[in-house]
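If you count the sequence shown from 1, you need to add 49 to reach our numbering. We put the beta carbon where it would ideally sit given N, CA and C, even for glycine. Each remark here refers to the structure printed beneath this line.
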Amino acid sequence: MISHHERGPRTIRGALPAEAENIAALHRRARSTYFPDGLPDDGIDWTAAWRGAVERPDGQVLCVVEEGTILGIASFRPPQDGPAGTVKLFQFHVDPDHWRRGIGTALHAACVARWRADGRHCAVLDVHVDNLRARSFYARHGWVPDPAHPPAPGDHHLFLRLSVPPGE
């Protein structure tokens, strides 16, 4: 999928294992925006985790590339022990230096198109409760609280779901 913008062509494609370090850096920049006290050290080797996500046979990582730079990433696969026809969006990030340029909307549309093509009728995700920007983005794109997973006391995540519209 290629579209043209004021900065040149924007492509959405599958990520490559060799891009894991750049993807992890984008992920770190995006996550740091919703932790007011700084990004906690979770002990995860995110470069290795992203390489693993890219290489998973049952998952996909899409990236938005403009002028050779990855500006957005989305990682999804069927949830473990999830119902048939469901996909879980594990990660969805846009480089904060490029917010409000339509990158997230284009990436979300590409994800939905892929889910539809793969026969998925429902998508689920969890979002950090303090990530108000992401919560607003998901609400604008039709995500609603998941009635099967109400928030637990003290949980820092909200569980959302999206009905994937059938293809035309």
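- With distances taken between CB atoms, is the gap from residue 155 to residue 59 smaller than 9 Å? Against a cut-off of 9 Å, the Cβ pair of residue 59 and residue 155 comes out as a contact.
- Is the beta carbon of residue 192 sitting closer than 9 Å to the one on residue 181? no
- Task: Count the C-beta pairs between the stretch 106-125 and the stretch 139-146 that are closer than 8 Å, then say yes if the count reaches three, no if not.
- Result: yes
- Skipping 5 residues on each side, what residues in its chain have a beta carbon closer than 7 Å to that of residue 105? 126
- Item | For residue 54, the three-state DSSP class (helix, strand or coil) | Residue placement at residue 54 is flagged as unreliable, the pLDDT there being 47, under the threshold of 50; the coordinate-derived value follows with that caveat. Correct three-state label for residue 54: strand.
- Item | Three-state class that DSSP yields for residue 181 in the structure shown | The answer is helix: DSSP assigns residue 181 an H, G or I state.
- Query: On the premise that residue 134 lies in contact with residue 170, defined as a C-beta separation below 8 Å, what is that separation, rounded to the nearest angstrom?
  - Reply: 5 Å
- Proximity below 9 Å, CB of residue 114 to CB of residue 72: no
- Given a threshold of 16 other Cβ atoms within 10 Å of its Cβ, counted over all protein chains shown, does residue 224 qualify as buried or as exposed? The shown model of the chain, from 50 to 217, leaves out residue 224, and the question about it has no answer.
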